[in-house]
Structure formats: C-alpha cells, structure tokens
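What follows is a set of notes on a single structure, which appears directly below.
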Amino acid sequence: MVSEVISFVDAVIAYDNFPAVAGATFSVDSGEIILLQGPNGAGKTTLLRACAGLLPIARGNATVLGVDLKSDRATVRSQVGLLGHSNGLYQDLTVAENIGFWSRLVGAGNEDIAQAMRLMGLSERLSAVKVSNLSAGQRRRCALATLIVRRARLWLLDEPHAGLDAQGRDELDKTLRSARDAGATVVFASHEIDRAQALATRRLKVTSGVVSEA
Amino acid sequence: MSRPNNGRVFSAVLIKDLRIEFRSRVLMNQVLPFAGLVMIMFAFALDNDDVLQRVAGGLVWLATLFSSLIIIQRSFAVEAADQALDSLRVAGIDLAGVYFGKAIALTIKLIVLDFVLLVTAMLLYRVDLTGSGLVLLVTCVLGSTTGLGFVGTLYGGLTAGAKGRETLLPLLLLPVVAPVLIAATRATEAAFASGGAQTSEGWAWVGLLAVFAAVFGVGGSLAFGPLIDE
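Chains as they are written, first to last, in numbering that gives the first Met the number 0: chain D, 0 to 213; chain P, 0 to 229.
Below, the structure is given as structure tokens:
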C-alpha cells in the first residue's frame, strides 16, 4: 500500500498553452478526505482531471498512487475514480445492472457487487429499479458504488453535493466516510463550504491556479 | 487493479448494449415499424410489380441505411445521456474493446432489421428466392451488416459529442457506406435473380463487402480510441 497517494511538486498543468494550474506543490496521504476550496475557474476541476491522468503535466513532477503522471497516465486512469457533475450511468438499466456492467469490465464477482451496494446503502429493493426512476441522491450513490466495484483507490469528486437535497447530502457524506474507512482516499471540490469542511480531514485552497494549505 | 482486458470489455459492452435494447425496445417499437413503412411507401411510389421485383434489392438496402441511422444514433445517445462513454474513457478502459462490443451489438440489431426487411420485400414485392440464392443472401447480410456495424460505430462515436450530431451523422456516414449500398444491392439482386441476374454473379460483391468490413474493423478499432479521447 502506498502511503503517499498524491505528490505534486511544482507541477504545471496547461490547457492549450494556458497554465490552468501553475506550480502546484502538495501531497495527499492514504485515507485522507481532502477538500479543494476555491472560486469558479480557480483550477479545481483541472487539478482533479490531472490527478485522474486526463491532462498532461507540462512541467514539474507529479505522481499518483506511485505512478509518474509524466510517463504513464494510462495506468493511473484505471486505478482512480473520477466523478464529475454527471454520474456516467445507463438510464435504461437497473442499479444492479449498472454496477454489474463495471463489475464485468474489471472481472469482479457477485460478492463485490453485493458489497458495493451494501456500502452505498443500496437496498435489495433498489437493485432492481431502473436508474431513470431513482432520485438524484440514489443515482449518486449508484455511481459511487461503481467506483467501489472498480476497486478505485483514489476517488476524485467534482461538486459531489450538487443537485442533492439535504437528505441526499447527508447520505453522500456518510458514503464518503464509509469509503474512506474501507481504504479509499477522497479528494473533492465543493462550494458547500460548511458541509464540506465538516467532512474533510484537510483542506487545500486553489486560487488562480495556485494550490496552498487552507 | 489491473487494466481490463479487451475480451472482458468486449463482452461487457455487447451484453450491456443488447440489454438496453431489450429494455427500451427502440428497435422493435420504432425502427422496425419505420423500416416497414419505408418499404410500403416505396411500393406506393413505384406501383408496378415488375419494377418492384427488379429494384427490390436496392429498396431493401436503402431502407436499411435510413433505419440504421436511427439505430446508430440511439446506440450513442444512451452513452451521451449521462456521459457514460466519458466514464469509460476516464476509467482507462481499452476503447478497442468498447468499439468491437458496440459494433457487434449494432450488427446484431441490423441483422434483425434486415431479416424483417427481406421478408417484407418477398411478401410485398413478390420476389422469389432459390436455395443457392438464400445462401448468397445470408452471406451478403452478414457481410454488409458487419461493415455497417463497424463504420456506424466509428462515425457514431465521432459525432456523439458534436453539436448538430443528428444531421452530421448522415452527412458523414452515407457517402462512406456507398460501397456497401452498391455491393449489397448487386448481391441481393443476384440472390433474387432480379432482371435475369445469376446467383454466381453476387459472390464477387460479397467479397467486396468482406473487404469493407475488414478494413473498417481494423481501422475503426485503431481510430476509435483516439477519436473518443479527443
């Protein structure tokens, strides 16, 4: 197990030659829940996408789960779970079928599906419900269950509370703490400051592409 | 976690796409009735048994192409609805496996479509089919639907995230599949013995369909990943 999950040293992430993140230096240890705080356009999403191996590191050094992002972004992609504003679910399939699809992709078994559903609080009754008939909170939990069944070790979540009602937000917080207890590391961006601060074990401030401890 | 292998990705995507069709019944409830209506409208427009028998092969494949546009768009609409394809891309899934899974699922749907269209043509346009013609026809359907499945998946993926994809897909796809239309029509005419054509004349066209499918199968699997990744 790698204790240092993310390590960025003077890392520059550029979008079309524009340095969206300029010289970020920070690290994240295993089991932490990190809140990325900052205004719109500060570079939070860019940072999350770079950690997921979707954006190249223009300068500096960056490793995620012990893999150098400058040389092997493909390996990182298969070990992290990135969830943006959408859930990436198939609306015509049931909860169990959506999770089962990811389970089949990665060669996980029925026990893994059952465990993911249990951890996300998705009951037996919900498993047979089509995703299009779920509430926003239930869809979010279903999407998070796909991250568990994929055995994602690092969860990167962009505005995970968006679109959820109060109960859904409570459920999500509980879910993220459960994931952390199960061994995952969580980095998330949120504008729900009070709620997010209560959830996070540490905060990072992102301002105009610069990352610092909050 | 190791990266999912191609075989697992292929089977998972194939099963998922067929399951979505089974649940939503878009092929059964929308595409097949549309294709049947097109065949009936052709019959009204031409209104002559001799002409219909002569051009039945072409009408079947024109109806296939028009209907396939709906199936291809649907195949990628389910991926775009909640950015599921983006999730696959982000997760480092090998997109060649996704390409083959979606292409074969599309091919299976097209085979069902063509079966219905060919039966409709035989009933509506009164074309005959001999034993050797049936073998040629089955081979032609397999070759042409596989080619359409590959090229449809490639262009469906290419236009999935584009603005105006509903009109962009036909504009890009139809010129590319012109060889399939020509070859499948000639092979089907030979199978139906339309205009005195011999069954043996159709096999060369089936060969062309096989080459088309092979080229787009290989080329598509190489191009699909980078195209989706952009």
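Yeah, the Cβ is synthetic: ideal placement off N, Cα and C, and Gly gets one too.
- With its beta carbon at least 7 Å from every one in chain D, Val115(P) lies outside the interface.
- In terms of Cβ geometry, Val11(D) and Ala21(D) form a close pair [threshold 7 Å].
- Any Cβ of chain D closer than 7 Å to the Cβ of Lys15(P) would place that residue at the interface, and such an atom is present.
- When secondary structure is reduced to three states using DSSP, Asp16(P) falls in the helix class.
- Neighbours of Asp91(D) across chain P, judged by C-beta separation under 7 Å: Ile19, Arg22, Ser23, Val77.
- The Cβ-Cβ distance between Gly148(P) and Ala102(P) falls below 7 Å.
- One finds Ala51, Leu53, Arg76, Leu81 in chain D with Cβ atoms closer than 7 Å to the Cβ of Val89(P), taken in chain order.
- Within chain D, no C-beta atom comes less than 9 Å from the C-beta of Val30(P); the nearest is roughly 16 Å away.
- For the stretch 28 to 83 of chain P, the continuous alpha helix (DSSP H) assignments of 4+ residues that do not extend past its boundaries occur at 31 to 45, 48 to 79, in sequence order.
- Collapsing the DSSP output to three states places Tyr124(P) in coil.
- Under the DSSP assignment, Lys43(D) falls in the alpha helix (DSSP H) whose first and last residues are 43 to 50.
- Apart from sequence neighbours up to five positions away, the residues of its chain that approach Ala181(D) with a beta-carbon distance below 7 Å are Leu118, ordered along the chain.
- When only Cα atoms are considered, Gln29(P) and Leu64(P) end up about 15 Å apart.
- At a cut-off of 7 Å between C-beta atoms, Ser199(P) does not count as an interface residue with respect to chain D.
- Spanning the alpha carbons of Leu105(P) and Ala83(P) requires a straight line of approximately 18 Å.
- C-alpha of Gly91(P) to C-alpha of Leu203(D): approximately 27 Å in a straight line.
- Scanning its chain for C-beta atoms nearer than 6 Å, with the 5 sequence neighbours on each side dropped, one finds around Ser131(D) the residues Gln90, in chain order.
- The Cβ of Asn16(D) sits no closer than 7 Å to any Cβ of chain P.
- For Ser211(D), the enclosing beta strand (DSSP E) begins and ends at 209 to 212.
- If you look at Gly155(P), you'll find it in the alpha helix (DSSP H) that goes 130 to 158.
- Between Val175(P) and Phe211(P), the gap from beta carbon to beta carbon reaches 7 Å or more.
- DSSP places Ala13(D) in no alpha helix (DSSP H) but in the uninterrupted beta strand (DSSP E) bounded by 3 to 14.
- At a Cβ-Cβ threshold of 7 Å, Asp157(D) and Ala188(D) count as neighbours.
- Close partners of Gly59(D) in chain P (Cβ separation under 8 Å) are lacking, with about 23 Å as the shortest Cβ gap.
- Residue pairing by DSSP puts Gly80(D) in a beta bridge opposite Trp154(D).
- In the DSSP assignment, Arg201(D) falls within the beta strand (DSSP E) that extends over 201 to 206.
- In terms of beta-carbon proximity, Asn86(D) lines the interface with chain P, with at least one pair separated by less than 7 Å.
- At a cut-off of 7 Å, the C-beta of Ala178(D) has no neighbouring C-beta in chain P.
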